[in-house]
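**Student:** Right, I'll just put the structure down here and ask away after.
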Ligand SMILES: NC(=O)C1=CN([C@@H]2O[C@H](COP(=O)(O)OP(=O)(O)OC[C@H]3O[C@@H](n4cnc5c(N)ncnc54)[C@H](OP(=O)(O)O)[C@@H]3O)[C@@H](O)[C@H]2O)C=CC1
Ligand SMILES: O=C(O)C1=N[C@H](C(=O)O)C[C@H](O)C1
């Protein structure tokens with residue numbers, strides 16, 4: 001498999017580290033000896049790629065989609081913080097090419113989603129809160145994964161997210177869900193869903209122990225995606241049950 005990497009930052013670098021033979025081109029705005037500066041340069045290279053892995057920035061989405069559509073290249077989009085309009089443009093593009101878009105590349109998060117689908121309908125009497133922690137370089141809050149888990153919870157219960165309680169002078173509503181973001185140090189990514197009941201707590205927590213889990217998840221996703229026809233794939237739809245070993 002021949003890959004292009006878009007975004008040679010803190011996470012993208014691990015894609016190269018884990019799959020040095022597969023990555024044949026790196027597109028990044030900071031041009032170094034390892035990288036090319038634009039998709040125009042990628043087009044000029046004789047190299048064709050089987051898929052592009054994107055760990056960059058939402059502002060670069062138009063370039064990524066334009067290249068993918070023009071060359072019919074499958075896209076693994078890991079970048080977070082997209083607007084509704086940007087997500088709609090990904091959905092549109094997926095009518096023509098295979099796209100895997102997930103705010104978390106770790107299969108562990110797919111397992112958490114399955115747990116939530118079972119637990120939330122059983123937990124009508126519990127207050128739900130969502131807490132995420134990330135490193136001090138992260139630019140978006142709450143994290144994409146927190147939004148993803150919120151959506152999963154909302155498939156089973158009509159909860160309204162509350163992003164800021166700083167000026168609040170009233171009790172929480174039964175069906176609100178507090179979205180809490182903590183930033184500091186080098187935390188790779190923690191997501192916790194708290195079910196608070198009377199005299200008891202249930203905590204479901206996923207902790208990334210390295211950025212490699214995201215990079216390897218993206219590489220595995222590319223391997224699966226290049227077998228697919230056009231469409232928008234998620235952690236829950238890309239893999240079959242038998243494929244779940246892919247993260248090990
Ligand atoms: N889905 C998932 O599992 C994961 C998603 N992510 C997401 O991937 C993205 C990248 O994360 P991470 O590697 O930690 O971030 P970094 O900031 O370390 O890397 C971002 C890369 O994109 C480049 N870039 C190009 N244009 C811009 C721009 N306008 N603003 C900012 N960066 C730009 C940066 O270049 P330069 O070096 O010149 O700034 C850098 O190479 C984020 O959206 C993050 O949330 C991260 C981990 C896991
Ligand atoms: O920026 C990060 O680092 C991460 N971003 C993703 C997110 O916003 O959820 C995934 C992971 O938690 C790491």
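Numbering (full-length UniProt numbering), first residue to last: 1 to 248.
C-beta atoms are modelled at their ideal positions from N, C-alpha and C, and glycine is treated no differently.
Predicted model only: the values in this text are computed from it and were never measured.
Helix, strand or coil, according to DSSP, for residue 53 in the structure here?
**Tutor:** Residue state, collapsed to three classes: strand.
**Student:** Within the same chain, show all residues whose beta-carbon is closer than 7 Å to that of residue 223, passing over the 5 residues directly before and after it, in chain order.
**Tutor:** Result list for residue 223: 1, in chain order.
**Student:** If residue 86 and residue 61 are in contact, beta carbons under 8 Å, what's the gap, nearest whole angstrom?
**Tutor:** Contact holds; Cβ gap of about 5 Å.
**Student:** State the DSSP-derived secondary structure class of residue 178, mapped to helix, strand or coil.
**Tutor:** The answer is strand: DSSP assigns residue 178 an E or B state.
**Student:** Can you tell me the Cα-Cα spacing of residue 233 and residue 51, whole angstroms?
**Tutor:** Residue 233 and residue 51: Cα-Cα distance of roughly 14 Å.
**Student:** When the Cα atoms are used, what is the spatial distance from residue 229 to residue 98?
**Tutor:** Approximately 6 Å, taken between the alpha carbons.
**Student:** Would the segment 178 to 190 count as touching the segment 127 to 144 if we require 3 or more Cβ pairs under 8 Å?
**Tutor:** A contact exists between the segment 178 to 190 and the segment 127 to 144.
**Student:** Is it true that the CB of residue 77 sits closer than 9 Å to the CB of residue 54?
**Tutor:** Against a cut-off of 9 Å, the Cβ pair of residue 77 and residue 54 comes out as a contact.
**Student:** Under the criterion of a Cβ to heavy atom distance below 8 Å, does residue 132 qualify as lining ligand 2?
**Tutor:** Under cutoff, so the answer is yes.
**Student:** In chain order, what residues of the same chain lie with their CB nearer than 6 Å to the CB of residue 194, ignoring the 5 residues before and after it?
**Tutor:** Correct list, in chain order: 129, 203.
**Student:** Using three-state DSSP, classify residue 293 as helix, strand or coil.
**Tutor:** The structure shown does not extend to residue 293, since the chain spans only 1 to 248, so no value can be given for it.
**Student:** Among 46, 171, 211, whose alpha-carbon lies nearest the alpha-carbon of residue 190?
**Tutor:** Measuring from the Cα of residue 190, the nearest candidate turns out to be 211.
**Student:** Please tell me whether residue 218 and residue 17 are closer than 9 Å, where the distance is taken between their beta carbons.
**Tutor:** In this structure, residue 17 does not lie closer than 9 Å to residue 218 by Cβ.
**Student:** Pairs of beta-carbons, one from the segment 100 to 116 and one from the segment 137 to 151, closer than 8 Å: are there three or more?
**Tutor:** Output reads yes: the segment 137 to 151 touches the segment 100 to 116.
**Student:** Would you decide whether residue 4 is buried or exposed? Buried here means 16 or more other CB atoms lie within 10 Å of its CB.
**Tutor:** The residue is buried, with at least 16 neighbouring Cβ atoms inside 10 Å.
**Student:** Among the residues of its own chain, which have a CB less than 6 Å from the CB of residue 100, if the five just before and after it don't count?
**Tutor:** Correct list, in chain order: 76, 221, 225, 233, 238.
**Student:** Could you work out which residue in 71, 73, 90, 74 is closest to residue 80 when comparing CA atoms only?
**Tutor:** Residue 90 is the option with its Cα nearest to residue 80.
**Student:** Mapping DSSP to helix, strand and coil, what is residue 112?
**Tutor:** Helix, per DSSP.
**Student:** Taking the straight line between their C-alpha atoms, what separation do you get for residue 231 and residue 58?
**Tutor:** Between residue 231 and residue 58, the C-alpha separation is close to 20 Å.
**Student:** Assuming residue 91 is part of the alpha helix (DSSP H), what are its boundary residues?
**Tutor:** Residue 91 -> alpha helix (DSSP H) spans 84 to 93.
**Student:** Which residues, in chain order, sit with a beta-carbon under 5 Å away from any heavy atom of ligand 1?
**Tutor:** Spelled out in chain order, the answer is 7, 8, 9, 10, 11, 28, 29, 30, 55, 56, 57, 59, 78, 79, 80, 104, 105, 214.
**Student:** Whole angstroms is fine: what's the gap from residue 48's alpha carbon to residue 94's?
**Tutor:** C-alpha separation (whole angstroms): 20 Å.
**Student:** Which first and last residues belong to the alpha helix (DSSP H) in which residue 205 is found?
**Tutor:** Careful: residue 205 lies outside any alpha helix (DSSP H), inside the beta strand (DSSP E) at 200 to 207.
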